[in-house]
Every structure is written in structure tokens, then in C-alpha cells.
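So the sequence lines, in the order shown, correspond to chains A and E. Numbered by full-length UniProt numbering, the letters in the first sequence go through residues 1 to 165 in order. Numbered by full-length UniProt numbering, the letters in the second sequence go through residues 1 to 439 in order.
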Amino acid sequence: MTQPAELAPRDPSGPLDVVVTGLPSDAHTWNLVFMQLLLEDLGHHVVNLGPCIAQDEIVESCCKYQPDLLVVSSVNGHGCHDAEHLVRALRARWELAGLPAVVGGKLGVRGAEGQDGHRRLLLTAGFDAVFHDEQGLAPFEAFVTALAADRTPAGPAGTREGAAR
Amino acid sequence: MTSFGRFVAAARSRGALVVQPRMGFSQPARMRAGLLATKHAADAVAGTLTIDSYTRVGDEPAAVRALDADVPLNGYPITSYSPGTSHWVLDGIPGPAFPVQVRHGSASPQRIVAALARLGLTATEGGPVSYCLPYGRTPLVDSVRNWREACEQLAALRADGAEPHLESFGGCMLGQLCPPGLLVAISALEGVFFHQAGLRSISLSYTQQTSPAQDRQAVRALRRLAAELLPDTDWHVVVYTYMGVYPRSPHGARALLERSAELAVRAGADRLIVKTAAEAHRIPTVTENVEALRVAAHAAARTTAAATADALDTADNPVYAEARALVEAVLDLDADLGSALLKAFERGYLDVPFCLHPDNAGRTRSHIDAAGRLTWSDIGALPIGRVTAQRGARLTAAGLYDALTYVQRRYDEAPDPRTAPGPRHTAAADEHAHDLLEV
Ligand code: B12
Numbered sequence: 001m002t003q004p005a006e007l008a009p010r011d012p013s014g015p016l017d018v019v020v021t022g023l024p025s026d027a028h029t030w031n032l033v034f035m036q037l038l039l040e041d042l043g044h045h046v047v048n049l050g051p052c053i054a055q056d057e058i059v060e061s062c063c064k065y066q067p068d069l070l071v072v073s074s075v076n077g078h079g080c081h082d083a084e085h086l087v088r089a090l091r092a093r094w095e096l097a098g099l100p101a102v103v104g105g106k107l108g109v110r111g112a113e114g115q116d117g118h119r120r121l122l123l124t125a126g127f128d129a130v131f132h133d134e135q136g137l138a139p140f141e142a143f144v145t146a147l148a149a150d151r152t153p154a155g156p157a158g159t160r161e162g163a164a165r
Numbered sequence: 001m002t003s004f005g006r007f008v009a010a011a012r013s014r015g016a017l018v019v020q021p022r023m024g025f026s027q028p029a030r031m032r033a034g035l036l037a038t039k040h041a042a043d044a045v046a047g048t049l050t051i052d053s054y055t056r057v058g059d060e061p062a063a064v065r066a067l068d069a070d071v072p073l074n075g076y077p078i079t080s081y082s083p084g085t086s087h088w089v090l091d092g093i094p095g096p097a098f099p100v101q102v103r104h105g106s107a108s109p110q111r112i113v114a115a116l117a118r119l120g121l122t123a124t125e126g127g128p129v130s131y132c133l134p135y136g137r138t139p140l141v142d143s144v145r146n147w148r149e150a151c152e153q154l155a156a157l158r159a160d161g162a163e164p165h166l167e168s169f170g171g172c173m174l175g176q177l178c179p180p181g182l183l184v185a186i187s188a189l190e191g192v193f194f195h196q197a198g199l200r201s202i203s204l205s206y207t208q209q210t211s212p213a214q215d216r217q218a219v220r221a222l223r224r225l226a227a228e229l230l231p232d233t234d235w236h237v238v239v240y241t242y243m244g245v246y247p248r249s250p251h252g253a254r255a256l257l258e259r260s261a262e263l264a265v266r267a268g269a270d271r272l273i274v275k276t277a278a279e280a281h282r283i284p285t286v287t288e289n290v291e292a293l294r295v296a297a298h299a300a301a302r303t304t305a306a307a308t309a310d311a312l313d314t315a316d317n318p319v320y321a322e323a324r325a326l327v328e329a330v331l332d333l334d335a336d337l338g339s340a341l342l343k344a345f346e347r348g349y350l351d352v353p354f355c356l357h358p359d360n361a362g363r364t365r366s367h368i369d370a371a372g373r374l375t376w377s378d379i380g381a382l383p384i385g386r387v388t389a390q391r392g393a394r395l396t397a398a399g400l401y402d403a404l405t406y407v408q409r410r411y412d413e414a415p416d417p418r419t420a421p422g423p424r425h426t427a428a429a430d431e432h433a434h435d436l437l438e439v
């Protein structure tokens, strides 16, 4: 039986366990390798699910690994559409309802033009934060640092969501 | 019947480099407008239908769902629209002076090939290795089988009087940080695979990398290998403008595109697939595609092939030596090239650096050396033992990012010739910009 992410035993001071993933139609991997190295350089542990991965497999992997954070990265332009379906499926699982989940990259095919719409859509669908490509990495690093600092006791997901929104 | 190979040969004989976009839209009217606009963008243009990612991974239901929700895709979903819609998109456009090629990135291409043949098209792109490893997690053994079938489907079009054409994507792979010797070898080997499967009109590709001098050696190496390996075949070499992290600035993007056109002409390639100024940001518009074709054609027209190009073909060429060693080792593994490729990846004789595909050994590493050449830091089990293998340091995000953005930074940081003081955009200014970026 899988345990809800919030109830999994946590080491209050240690590194985060992070799942990094691409999306079903996206074959790009440099972004995934880069996000993994970035998180590892910040001292966290990463499981990288790789590119072109089925939505069910992402959901099952989150149940299996019980990570502290899910990082979705997509650049092929289908990211907004695919990530919306993914996060709805994640939030439909009670044991993943509180899993901190973020998404970033080039999420549509129109660059900065579609950015605000994507952010609203993806936050409403259930992501805790949305990072667009042109924004740089500082906001993401700040989010991860805050999450790592904010782990004891496992607070309600709502505080984090509030902060990111 | 249009013949892609004959079109390229005709352009070559009148001294023109064929330029071609990487263009694809999901809205039929936009796709049609794009084809019409690119057709007249330069003297010798080939047309392109680039297919979207859902179709590439065989997820037609997702493509249809997205179309129904009005979500624009990153390409044309050729198998999701009715043949009637696609006939409308193409109506009156392809012809002997404007062949249209389908570019798709699928390791299971049979449905796409059937769809393009139904539309009367006969040219496409791919390969058992190059449309597998960079494009997801389809096992290589399945891709080899699928691509053999697709080659046979294409070859069968000869019965209708067409000369089907297939281009290898082997000269690109993951787009960046793969040393040229391996790119040239994979492209040449895929050419042999196509030939064994019955095709007789083939192009081999090479992607512009970090060093213009090394790139010229690579294109010449590829031409020499093609001549040695593809008898009784109509073949040519196609250059791709840089396929890695692209300059963000308009002047950087333009300079990199111009250098790729010069590379193609100087080293004796016959066709160039361009990149646009939108590359680093988003899917380019029709106008941006047309502009890129013009810039490339213009740069090609003012460049002359090195008079000694053919002499240089036989001169000491380290890229040729490396590629030749790889090709020979793979050909020796099995008379059937599909089986030889599978064995080669199992043993790590072919091993693409930074490729996460489960069938890639993942024991090689590359870096950009002080002279700007892309070389090995670890050759893994590649049969090129005389190359010294430096063991690399631990890879960090910053280290990887530096290597990935090497070209982007050099081009973005070079002065924009059009804003530099002095006479506007003279030939001398061009030469100067060129020197800065030449190594
Ligand atoms: C290399 C490359 C490829 C290689 C990929 C090889 C591989 N397996 O990885 C090849 C040639 C195979 C390829 C194929 C395709 N590509 Co491509 N590719 C690129 C290219 C040139 C560089 C990408 C790269 O290496 N980036 C390096 C990494 C480190 O940076 P990054 O991906 O940009 O990620 C950064 C940020 O986005 C951000 N980020 C990313 N994810 C996340 C997540 C979080 C949480 C955060 C905080 C930040 C973040 O941080 C990273 C570091 O700054 C880009 C254009 C460019 N950028 O110059 C196009 C590009 C991404 N490709 C594109 C497309 C469309 C495709 C194709 C669908 C073909 C097509 N239709 O044109 C296919 C993919 C097929 C598929 N099934 O998905 C488009 C996407 C368009 C869009 N979003 O509007 C781009 C932008 C090119 C373009 N302008 O058309 N591609």
C-alpha cells in the first residue's frame, strides 16, 4: 500500500528526494539532464524518468518513490497541454494530492506570448508553481530552497501553494 | 513524377545550393501559406512538411484531442487529418522545381510513410538509429525492423515511376556535443542501410558544430565515404545549420546561419536545412522561415567552393580517419546492416555521448577543446583506440551548460556588423565578423 507523500518519514535537515520527468510526447533530454545536475549541485537526490514517458508511468513512479518534489520539464511546445492532463491525474490520486509539483520550460509554441495563459491554466489544474523559460533559474532555486527549509513539520501543501502563487 | 534527387542535381549543375526550411504548422491554411511562401523565397528551395510530436510518437488520439481543443501543435499532424485536407494543403504546390519532403522523427514511421505516399510525395527523412536514439525510448531492435519496412514501402514507389528519396538524420543525433567522426559514421552507415533496403536516391547529413575547420573536414569525409560505400546510387550531402542551443540575438542567429551556408558551399554539400532567428525562442513564423531561406541563399551565392576542395578530400583528414574506423568496425560485425548496428550499440562500438536511450551504452563523453574542436574526453568502447582518452572531471550543471551554450555565447557576444561603427555591412565587415568566429 502506498503511503501519502506527507506521511512518509522525512529527514528534516537532509536533501530533498526529487523526481525529474519529461512528458509523453517530448523527446528532448538536455533539459532533463540539466535539471538533474542543477538539483544535484544544490545537494538533492534525483530520480530522472527521462523523455517520452507515459503519463501513467509518471503517476506510478511518484507513488513508488514518494518524492518530496516533482519537477516536470518540457520544451517541445506541447508541455502546457500534456502537463495539464498529468497534474489532473496526479491530484486525482489521494496519496499524491499534496505532492509539491512544479513545471517549467518552453510550454507552448508561441514563446512569451502564451506564457501568462499557461501559468494560470497550470496553477488552476494543480501545479504549485510554473516557471517559464525566459524567466531564468533564480525563482526555481528559491522555490527549492524554501521547500527544503520548510520541511519540518510537513506543513500543509496550501502554504507552499500560497507562496508560489 | 517529381524526383528529389534530380531536383538537387539540377541545382548543383547550375551552381545553386538548395535551401530548405524546417517548417510545420498544425493549421492547414497556415501550412499551405508557408509552403507557398517558401517556394518563391530563393532560386533553389525544397519544401518541407515537419510533423508534430504527437504523430512522431504514434499518439494520434492526443493529436486529435489537441486539435479539437484548438491547441496549436509543433508540426503538421499528417496522419490525423483526412487525405482530403492534406490534398488541399498541397494542391498545385509540389512539382519538379519544388519537391516537398516530410520530416518527422519517428521510430515507427510506417503510418507516416503510407500517408505521404498517399499524397503523392516521395521524399522523407529518418533512419533506424537517428530517428530512434534522440526521439524517445522505442527499443533499437524495433526501430531497425520498422525502418526496414519503411524503406521497403518507399522503394516500392518506384513501381509507379517515382524515384523515392531518403535522407539520414545521422549527422545530427542529439543536435550537439557529438564529435563529428561519430556523426559522419552514423550517417554513412544509415546510407548503407537504406541502400541494402532497396533505395537508390539517398542523402547523408552533417550538422554544423563548434569549429568551422573541423566541420569542413567532416563534410568532406562524408562525401568521400558516400562515394566509397554507395555505388549505383544518386547521393548528395545535406548540411544542417547548428542544431544545438541557438543564439538568442537576431545578429547572432543570422551570423551562425550564414556560416552554415558557407560551410555547405566550401565543403561541397548540395543542400542546406536552415534555422531561423526564432530558433532559441519558439516555433518560427512563415515570414521568419522565408527570411532565413533568403539569408542562407544569399550567403551561399557570395561564397565560392574552395578550388582545392577535391584535393583536400584525400588530404590527411582526422574526421575521415575516425569515421572510417567506426564504419569498418561496424560493417565487420554482420553482413546485414540492421544486425550490425544492433551489435555495434550492444558492444559500445557506436555510443553517443549524453544520450539517455536504454540501448545506448553511455560510456563516452565529449568536450570542446581549446581550439574550439569537438573531441572525446572518454571514448568508452569506440574502436578508435589511437585517440587519447582524457578522463573527464565530474560533470556539473554549470559545466554542461557552458558546453551547451558555447556556440550561442560566441555568436551572441560577437559584435553586430550592422550596428558596428564604420561603413554599413561591407564585404570587409563580413570578412571581419567571419574571422572572429573562425578557428
Ligand atoms: C537540441 C534540440 C533538439 C534535439 C533534441 C535531442 C534530445 N533528445 O534531447 C533534436 C534535434 C532531436 C530536437 C528535436 C525536436 N525539437 Co528541438 N530543439 C533543440 C534546441 C536546438 C536546443 C535544446 C537544448 O539542448 N537546450 C539545452 C537545455 C539545457 O536548455 P532548455 O531545453 O532550453 O531548458 C532550459 C530552460 O527551458 C529551462 N527549463 C527547462 N525545463 C525546465 C523546468 C523547470 C522546472 C525550470 C525551472 C526550468 C526549465 O531551464 C533550462 C536551462 O536554462 C532547441 C532550441 C534552442 N533552445 O536553441 C529546439 C526546440 C526546443 N525544439 C523544438 C521542437 C519543436 C522539436 C521537434 C518537435 C521538431 C520540430 N517540430 O521542430 C523535435 C522533438 C520531437 C519530440 N517528440 O518532442 C522547438 C520547440 C518549440 C516551442 N516550444 O515553441 C525548439 C525551441 C526549436 C524551435 N524554435 O522550433 N530538438
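Idealized CB from N, CA, C, for every residue including glycine. The structure displayed is predicted, hence computed values, not measured ones.
Asked, Found
"Quick check: the Cα distance between Arg-223/E and His-81/A, rounded to an integer number of angstroms?", "43 Å"
"What does Ile-283/E reach in chain A if we use C-beta pairs closer than 7 Å?", "Gly-77, Val-109"
"Closer than 6 Å by C-beta to Leu-107/A: which residues in its own chain qualify, once you throw out the five before and the five after it? Chain order, please.", "Gly-79, Cys-80, His-118"
"Where does Gly-126/A land, buried or exposed, given buried means 16+ other C-beta within 10 angstroms?", "buried"
"At the 9 Å Cβ level, is Ala-278/E part of the contact set with chain A, yes or no?", "yes"
"In its own chain, which residues sit with a C-beta less than 7 Å from the C-beta of Ala-54/A, not counting the 5 before and 5 after it?", "Pro-24"
"Out of Ser-108/E, Val-129/E, Arg-32/E, point me to the one whose CA is closest to Gly-92/E's CA.", "Arg-32/E"
"Going by DSSP in three states, Asp-215/E sits in which element: helix, strand or coil?", "helix"
"In chain order, which beta strand (DSSP E) runs of at least 3 residues are fully inside the stretch 119 to 154 of chain E?", "123 to 126"
"Taking Ser-339/E as the reference, give the member of Ala-97/E, Ala-299/E, Pro-128/E, Phe-98/E with the closest Cα.", "Pro-128/E"
"Would you kindly check if the distance between the Cβ of Thr-276/E and the Cβ of Glu-288/E is under 9 Å?", "yes"
"Taking the alpha carbon of Gly-15/E as the reference point, which residue from Phe-345/E, Arg-410/E, Thr-303/E has its own alpha carbon closest?", "Thr-303/E"
"If you draw a straight line from the C-alpha of Pro-94/E to the C-alpha of Tyr-65/A, how long is it?", "52 Å"
"Establish whether the CB of Val-46/A and some CB of chain E are separated by less than 9 Å.", "no"
"In the DSSP assignment, find the unbroken beta strand (DSSP E) run with Phe-131/A in it and report its ends.", "129 to 132"
"If the cut-off is 9 Å on Cβ atoms, which residues from the stretch 130 to 156 of chain E count as contacting chain A, listed in chain order?", "Pro-134, Tyr-135, Gly-136, Arg-137, Thr-138"
"Among Thr-21/A, Ala-92/A, His-28/A, which has the Cα closest to the Cα of Gly-244/E?", "His-28/A"
"For the stretch 22 to 54 of chain E, enumerate the residues whose C-beta is nearer than 7 Å to any C-beta of chain A, in chain order.", "Ser-53, Tyr-54"
"Considering only the beta carbon of each residue, do Val-319/E and Val-184/E sit closer than 9 Å?", "yes"
"Between the alpha carbons of Leu-38/A and Arg-365/E, how many angstroms are there, rounded?", "19 Å"
"Short check: CB of Pro-164/E to CB of Leu-133/E, under 9 Å?", "no"
"Could you have a look at Arg-239/E and say whether DSSP puts it in helix, strand or coil?", "One detail in the question is off: residue 239/E reads as Val in this sequence, not Arg. Reduced to three states, the DSSP call for Val-239/E is strand."
"Could you check what DSSP says for Ser-26/E in three-state terms: helix, strand or coil?", "coil"
"Quick check: what's the CA-CA separation for Glu-322/E versus Leu-122/A?", "48 Å"
"Just the C-alpha distance for Ile-273/E and Tyr-206/E, rounded to the nearest angstrom, thanks.", "10 Å"
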